[in-house]
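In our numbering, the protein residues as written are 4 to 597. Below: one structure, written as structure tokens.
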Amino acid sequence: FKGGNLGEAVRASISYPFYLKPVIVDGKMLFDGGLYNNFPADLMQQEFHPDIVLGSNVASKLEPPSEDNILSQIRNMLMTPTQFKLEGNGAIIVPDVEAGVLTANHPKALIDSGYSATMRQMPEILKLVSRRIDSAQLNSRRKMFLVKQQPLVFGSVTTTGLNKARDRYIKSILKGHKSLLTLNEMERNYYKVATDYDIRSIYPVASHLDSLGHYTLNADVRNEKPFSASFGGVISNRPISTGYVGVQYHHTGVENIDLTGNSYFGELYTSGLVSAKISLASPFPIYIEPALVYNRWNYFTSSTEFFQDVIPPYLVQEDEYGKFDIGIPVGMEAKMTFGASSSNYINSYYPNVTFKPTDTADQTKFEATAFYIRYELNTLNRKEYASAGTRIFFQAQNIQGWEDYLPGTQEVNRLPGSNYHQMEQLKLSIDNYYKQRGLIRLGIFAEGVYTYSLLPAGRTPLETYFTNYNATVLMAPAFQPTPESQVLFLPDYRAYNYAAGGPKLIISFKPNIDLRFEGYIFLPYQAIDKTTNNGVAYGTPLANRYYVGAASVVYNSPIGPISLSLNYFENSNPVNNFSILFHIGFIIFNEKSL
Numbered sequence: 004f005k006g007g008n009l010g011e012a013v014r015a016s017i018s019y020p021f022y023l024k025p026v027i028v029d030g031k032m033l034f035d036g037g038l039y040n041n042f043p044a045d046l047m048q049q050e051f052h053p054d055i056v057l058g059s060n061v062a063s064k065l066e067p068p069s070e071d072n073i074l075s076q077i078r079n080m081l082m083t084p085t086q087f088k089l090e091g092n093g094a095i096i097v098p099d100v101e102a103g104v105l106t107a108n109h110p111k112a113l114i115d116s117g118y119s120a121t122m123r124q125m126p127e128i129l130k131l132v133s134r135r136i137d138s139a140q141l142n143s144r145r146k147m148f149l150v151k152q153q154p155l156v157f158g159s160v161t162t163t164g165l166n167k168a169r170d171r172y173i174k175s176i177l178k179g180h181k182s183l184l185t186l187n188e189m190e191r192n193y194y195k196v197a198t199d200y201d202i203r204s205i206y207p208v209a210s211h212l213d214s215l216g217h218y219t220l221n222a223d224v225r226n227e228k229p230f231s232a233s234f235g236g237v238i239s240n241r242p243i244s245t246g247y248v249g250v251q252y253h254h255t256g257v258e259n260i261d262l263t264g265n266s267y268f269g270e271l272y273t274s275g276l277v278s279a280k281i282s283l284a285s286p287f288p289i290y291i292e293p294a295l296v297y298n299r300w301n302y303f304t305s306s307t308e309f310f311q312d313v314i315p316p317y318l319v320q321e322d323e324y325g326k327f328d329i330g331i332p333v334g335m336e337a338k339m340t341f342g343a344s345s346s347n348y349i350n351s352y353y354p355n356v357t358f359k360p361t362d363t364a365d366q367t368k369f370e371a372t373a374f375y376i377r378y379e380l381n382t383l384n385r386k387e388y389a390s391a392g393t394r395i396f397f398q399a400q401n402i403q404g405w406e407d408y409l410p411g412t413q414e415v416n417r418l419p420g421s422n423y424h425q426m427e428q429l430k431l432s433i434d435n436y437y438k439q440r441g442l443i444r445l446g447i448f449a450e451g452v453y454t455y456s457l458l459p460a461g462r463t464p465l466e467t468y469f470t471n472y473n474a475t476v477l478m479a480p481a482f483q484p485t486p487e488s489q490v491l492f493l494p495d496y497r498a499y500n501y502a503a504g505g506p507k508l509i510i511s512f513k514p515n516i517d518l519r520f521e522g523y524i525f526l527p528y529q530a531i532d533k534t535t536n537n538g539v540a541y542g543t544p545l546a547n548r549y550y551v552g553a554a555s556v557v558y559n560s561p562i563g564p565i566s567l568s569l570n571y572f573e574n575s576n577p578v579n580n581f582s583i584l585f586h587i588g589f590i591i592f593n594e595k596s597l
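Rendered as structure tokens:
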């Protein structure tokens, strides 16, 4: 580049195949010129005739192509050997760095290395420059130049790559109803568009508009493809392996419509979801999302042998529901959701340790309606095994519905029955990671649940009773801070009112390899106790506490986490509190209704 837009020139210069896509300038697709000539000092001298050239060499030796590495083959075909030399006056600075094009994860260290290398060669550089200027005089000239700068104010917006309806929608977000926007205002609006799920890319370029000094933002926008499919799952040494398939259709227009369907299938977990998310065209972003979901959990097949004395030997939980959400953004990183759901929980279980193949299970149905408000801020860097960022989740909901109990063949002394339940429930979760110090980063996770039961009345409103012990525990909120705790049914870690939390220690040997240590304490306000004939009672307030621990080695691979962990769960009736979990892939599920 000899002229034109400096931003376009820089953006073209950092384009790299398979990593950062090229830009089109004057009808030409431009990649990083370093692929062809990584040290164009000769071109610099031919075109601009400088008195002195200062160069920097941070290139690593080009490795020979490997027959099993397609990227190395393409890199060797595209790149040509570079001669790092200067003709005439100049100096080449060679910082001591080990990072490559795709591994620059510590920019401050790289900048410091470049500064140190430059200062080491400063005596040599000063010999090339005879002219000197006083620093005070130089600062004065810089201030005079900055005074002449006009404020960056945008007066209009243009787009390319969109149809008329989509053009109006994007402009309404970028420009809104204001005649002029400051850089900060435009930046906020830009990120609203850039984080839209239906936008594949947006490339902004600012240019002068008129004699008043107002700028035009030219945005080249590309929509996502209308159809997409995803496949995945988790493979484990435990019977929790699950497959996943998802499909999505994007309709872009004045209103964006995302139709989504997915399915999980495995021994532990089976699920299906269909939803339609409609993003309404308005200066203030808002979406509505109806959804239908079916979840089925078979905790018996997922549990290890040493938990069989703690949980029912046969326990299946089905959760089928429909919901309707309205969501609005709160700042750049959070959202508020207002919603309602109608659900049908079906819990099937045997109350005794042994049962015959001819026995039928007890069944408890809970047909409920819930109205809720949720706030979620999420800046975590990963879906699972995060090591940076913050997640804050708060939910307030009203739950009411009918419980229907149908006894099985083992409950000869119980009759079918119904109860009406009404409760108010609050939940707060905080997951936060602090700044990394060397290889070490600390984090903290805390969670609390408060439930106020109106019907049926217990000894206090803080006690929630379903027909029997199993039904009461199954409907209680669960504390599940680790991946393994999410695939086990642990009655001791379920309560309607509790506080829990603990620290995390993460040692990052490599950018994608972590050694994690986590420890938590679970403090139920009142433990849910089992009495004779599968009855239920509540313990003394604040009399129980249980501990959870995990030590994990995690490789965050391109296909998902690969983890080996040693887990500890303190139980009221322990046989062996330790377990080992190995898995490849994310342990994640569709959302539950309650």
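Heads up, the beta-carbon is just placed ideally off N, CA and C, and yes, glycines get one too.
Residue i burial status per 10 Å Cβ neighbour count (16 or more: buried)
i    : result
Y423 : exposed
E70  : exposed
R145 : exposed
K151 : exposed
T412 : exposed
N416 : exposed
F589 : buried
E594 : exposed
G7   : exposed
W300 : buried
A498 : buried
K326 : buried
Straight-line Cα distance separating residue j from residue i
i    : j    : result
A389 : F148 : 45 angstroms
K228 : H253 : 7 angstroms
P315 : P354 : Reliability of the predicted coordinates at P315 is poor, the pLDDT of 47 falling under 50, and no value is obtained from them.
G407 : R385 : It is Asp, not Gly, that sits at residue 407 in the sequence shown. Distance between the alpha carbons of D407 and R385: 41 angstroms.
A546 : N500 : 13 angstroms
G342 : Y453 : 20 angstroms
Y550 : T273 : 29 angstroms
K88  : S119 : 21 angstroms
K24  : S18  : 6 angstroms
E387 : V156 : 41 angstroms
R135 : S143 : 15 angstroms
L129 : G93  : 11 angstroms
A279 : M122 : 59 angstroms
T185 : E487 : 49 angstroms
S175 : T198 : 15 angstroms
F585 : I331 : 38 angstroms
G420 : T382 : 46 angstroms
A15  : L141 : 32 angstroms
A570 : Y218 : It is worth fixing the name first, because residue 570 is Asn in this sequence and not Ala. Rounded to the nearest angstrom, the two C-alpha atoms are 58 angstroms apart.
Limits of the alpha helix (DSSP H) - the one that residue i falls within
i    : result
G563 : Segment G563 to F572 is the beta strand (DSSP E) holding G563; no alpha helix (DSSP H) there.
K595 : Unbroken run through K595: none, as it is neither H nor E.
M47  : A44 to F51
P126 : M125 to L131
F525 : Careful: F525 lies outside any alpha helix (DSSP H), inside the beta strand (DSSP E) at I516 to P527.
S285 : Counting along the chain, S285 falls outside any alpha helix (DSSP H), and DSSP gives it neither H nor E.
L147 : The amino acid at residue 147 is misidentified as Leu; the sequence shows Met. Taken as a continuous stretch (DSSP letters only), the alpha helix (DSSP H) holding M147 covers S138 to K151.
M478 : M478 -> no alpha helix (DSSP H), and no H or E assigned at all.
R169 : K167 to L177
V196 : L186 to A197
Rounded Cβ spacing between residue i and residue j (contact assumed at less than 8 angstroms)
i    : j    : result
V257 : A284 : 5 angstroms
T543 : E521 : Not quite, the Cβ-Cβ distance comes to about 29 angstroms (not below 8 angstroms), so this is no contact.
N192 : L177 : 5 angstroms
E336 : L380 : 6 angstroms
Which residues DSSP lists as bridging residue i, in chain order
i    : result
N401 : F374 and E427
H217 : V156
L380 : A337 and I395
G58  : I95
L584 : S568
F268 : G246
G275 : S266 and Y297
A449 : I433 and G504
Y541 : I531
N-terminal and C-terminal residue of the beta strand (DSSP E) that residue i is part of
i    : result
Q251 : T245 to H254
R14  : Taken as a continuous stretch (DSSP letters only), R14 belongs to no beta strand (DSSP E), being part of the alpha helix (DSSP H) at L9 to S16.
G504 : Y501 to K513
E292 : I289 to N301
L33  : K31 to L33
P207 : I202 to H211
Any C-beta of chain B under 8 angstroms from that of residue i
i    : result
A479 : Of the chains in the structure shown, none is chain B; there is only one protein chain.
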